[in-house]
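Accompanying notes for the structure given below.
2 protein chains.
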Amino acid sequence: MVPFSDRHYLIPYDFVTTTKGRSERQQWNPDLAVLAARLHSQIQHEVLARLGSAGYDDLSPRHGAVLPYLDEDGIRATELGRLSGRHKQLVGRLLDELEELGYVERRADPGDRRAKLVVPTERGLAQMRLRDEIVADIERRHAEGAGGRAYAQLRDELRAIVAAGGGARVPARR
Amino acid sequence: MVPFSDRHYLIPYDFVTTTKGRSERQQWNPDLAVLAARLHSQIQHEVLARLGSAGYDDLSPRHGAVLPYLDEDGIRATELGRLSGRHKQLVGRLLDELEELGYVERRADPGDRRAKLVVPTERGLAQMRLRDEIVADIERRHAEGAGGRAYAQLRDELRAIVAAGGGARVPARR
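Heads up: the protein sequence lines correspond to chains G and W, in order.
All residue numbers in the first sequence are consecutive under the working numbering, ending with 174.
All residue numbers in the second sequence are consecutive under the working numbering, ending with 348.
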């Protein structure tokens with residue numbers, strides 16, 4: 001039996017602060033911020049690498065903010081801003097780049113002649129199809145790894161957490 | 175009873191491609207890439223906004239690649255590169271910025287005089303403690319929303335998926 005004063009010595013105060021052994025702790029028990037960053041980075045990475053091998057090697061991670069929301073029927077830039085959570089200035093710059101690279105065109109909206117629609121080109125459509133196939137393939141791999149039911153639950157929980165959103169009111173990112 | 179040829183007409187081929195109604199589908203059934211991007215962005219956003227209100231308003235999203243791994247005992251830049259999955263050139267630039275902003279110092283490693291350790295300053299330590307508190311607070315909120323057991327399962331699944339990693343061999347990001 002270790003006397004209290006010695007036990008106190010055996011568990012020095014520093015041990016219970018959060019800043020010692022922090023990098024190691026993030027390895028065996030990563031917090032949600034680290035898990036989210038790693039998951040996002042792994043997926044983004046694999047999607048871009050596989051798109052790159054298929055000839056879409058002119059896309060960069062920043063384009064990932066809008067690429068998942070392109071639509072064959074066209075979509076307004078303001079809607080892309082809302083879906084991606086990015087400022088309209090940033091969305092505008094990304095669309096300029098994607099137009100330059102031949103993935104999208106801006107056309108007059110047939111329903112509202114003052115508005116413009118972002119419409120994928122043939123290259124854009126082919127990229128969209130391949131990107132969606134790659135993501136489906138990643139999900140299939142995770143579902144096989146975790147088991148179908150566990151993966152479906154994970155996805156539902158993730159969707160609920162993401163839908164619940166930040167909670168803290170913070171301005172959109174530039 | 176609708177004859178087959180008419181049914182075929184009622185379900186036009188375009189309907190079953192994946193590129194029509196895509197932006198809407200990403201709202202009601204976002205894929206894992208979109209979920210991961212949103213979760214990462216929401217957490218990064220809230221952490222930076224709350225750090226900003228507490229006076230750490232000189233940090234930007236890119237610093238988030240290394241900040242979670244800073245350690246009171248110091249850590250090597252190569253280790254930060256490994257943990258963050260970023261190229262050593264990028265890690266070096268981020269550390270230059272964090273040193274400039276007064277969050278870290280580079281000191282000779284007492285265990286190996288040829289090596290350098292990245293050590294947090296007092297400001298760096300205070301930022302680390304607050305950042306970890308904010309992330310813990312976000313996790314508490316999600317655990318309350320999902321229920322403790324469901325949240326623990328989600329976290330375990332996420333950890334397993336992230337540990338299983340990309341699967342496809344892709345080079346580290348610059």
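The beta-carbon is built from N, C-alpha and C at its ideal position, and this holds for glycine as well.
Distance, residue j Cα to residue i Cα
{"i": "Lys88(G)", "j": "Gly21(G)", "result": "41 Å"}
{"i": "Thr252(W)", "j": "Pro242(W)", "result": "15 Å"}
{"i": "Asp306(W)", "j": "Val221(W)", "result": "9 Å"}
{"i": "Thr295(W)", "j": "Asp156(G)", "result": "41 Å"}
{"i": "Ile134(G)", "j": "Ala334(W)", "result": "20 Å"}
{"i": "Tyr103(G)", "j": "His316(W)", "result": "38 Å"}
{"i": "Ser53(G)", "j": "Gln26(G)", "result": "32 Å"}
{"i": "Ile185(W)", "j": "Glu100(G)", "result": "Any reading at Ile185(W) needs caution, since the residue's pLDDT is 41, under 50, leaving its predicted position unreliable; the model's value is listed next. Whole-angstrom Cα-Cα distance: 35 Å."}
{"i": "Glu144(G)", "j": "Leu125(G)", "result": "29 Å"}
{"i": "His219(W)", "j": "Gly111(G)", "result": "35 Å"}
{"i": "Leu59(G)", "j": "Ile138(G)", "result": "19 Å"}
{"i": "Tyr325(W)", "j": "Leu332(W)", "result": "10 Å"}
{"i": "Glu279(W)", "j": "Asp247(W)", "result": "12 Å"}
{"i": "Arg314(W)", "j": "Arg297(W)", "result": "26 Å"}
{"i": "Asp270(W)", "j": "Ser23(G)", "result": "19 Å"}
{"i": "Ser41(G)", "j": "Ala223(W)", "result": "21 Å"}
{"i": "Ala136(G)", "j": "Gly92(G)", "result": "28 Å"}
{"i": "Trp202(W)", "j": "Trp28(G)", "result": "34 Å"}
{"i": "Pro61(G)", "j": "Gly229(W)", "result": "30 Å"}
{"i": "Arg287(W)", "j": "Val34(G)", "result": "31 Å"}
Residue i classed as buried or exposed, judged by whether at least 16 other C-beta atoms fall within 10 angstroms
{"i": "Gly165(G)", "result": "exposed"}
{"i": "Ala337(W)", "result": "exposed"}
{"i": "Asp71(G)", "result": "buried"}
{"i": "Arg149(G)", "result": "exposed"}
{"i": "Asp231(W)", "result": "exposed"}
{"i": "Pro204(W)", "result": "buried"}
{"i": "Gly321(W)", "result": "exposed"}
Cβ distance (whole Å) where residue i is taken to contact residue j below 8 Å
{"i": "Leu225(W)", "j": "Gln301(W)", "result": "7 Å"}
{"i": "His237(W)", "j": "Leu257(W)", "result": "Contact doesn't hold; Cβ gap of about 14 Å is too wide."}
{"i": "Leu39(G)", "j": "Leu328(W)", "result": "That belief does not hold up - the Cβ atoms of Leu39(G) and Leu328(W) are roughly 12 Å apart, past 8 Å."}
{"i": "Ala175(G)", "j": "Arg86(G)", "result": "Only positions 1 to 174 of chain G appear in this structure, which leaves residue 175(G) out of reach."}
{"i": "Leu291(W)", "j": "Asp283(W)", "result": "5 Å"}
{"i": "Ala210(W)", "j": "Ala36(G)", "result": "7 Å"}
{"i": "Ile217(W)", "j": "Leu90(G)", "result": "Not really, about 19 Å apart at Cβ, beyond 8 Å."}
{"i": "Val293(W)", "j": "Arg281(W)", "result": "5 Å"}
Any non-hydrogen atom of the ligand COA within 8 Å of residue i CB
{"i": "Gly85(G)", "result": "You won't find the ligand COA in this model; it holds no ligand whatsoever."}
Cross-chain neighbours of residue i in chain C, by beta carbon under 9 Å
{"i": "Ala77(G)", "result": "Of the protein chains in the structure, G and W, none is chain C."}
What are the uninterrupted segments assigned as alpha helix (DSSP H) that are 4 or more residues long and contained completely in the segment 298-348 of chain W, given in chain order? 322-338
Interface positions of the segment 54-73 of chain G facing chain W (Cβ-Cβ less than 9 Å), listed along the chain: Pro61, Gly64, Ala65, Pro68, Tyr69, Leu70, Asp71, Glu72, Asp73
Which runs of the beta strand (DSSP E) at least 3 residues long sit entirely within the segment 242-290 of chain W? Give them in chain order. 278-283
Which residue spans inside the segment 197-231 of chain W form an unbroken alpha helix (DSSP H) run of at least 4? 206-227
Residues of the segment 325-339 of chain W with a CB closer than 8 Å to any CB of chain G: list them in chain order, please. Tyr325, Gln327, Leu328, Arg329, Glu331, Leu332, Arg333, Ala334, Ile335, Val336, Ala338, Gly339
Which residues of the segment 207-219 of chain W have a Cβ closer than 8 Å to any Cβ of chain G? Give them in chain order. Ala207, Val208, Leu209, Ala210, Ala211, Arg212, Leu213, His214, Ser215, Gln216, Ile217, Gln218, His219
The segment 130-150 of chain G: positions lying closer than 9 Å to chain W by Cβ: Arg131, Asp132, Glu133, Ile134, Val135, Ala136, Ile138, Glu139, Arg141, His142, Gly145, Ala146, Ala150
Given a limit of 8 Å on CB to CB distance, which residues of the segment 91-103 of chain G reach chain W? none
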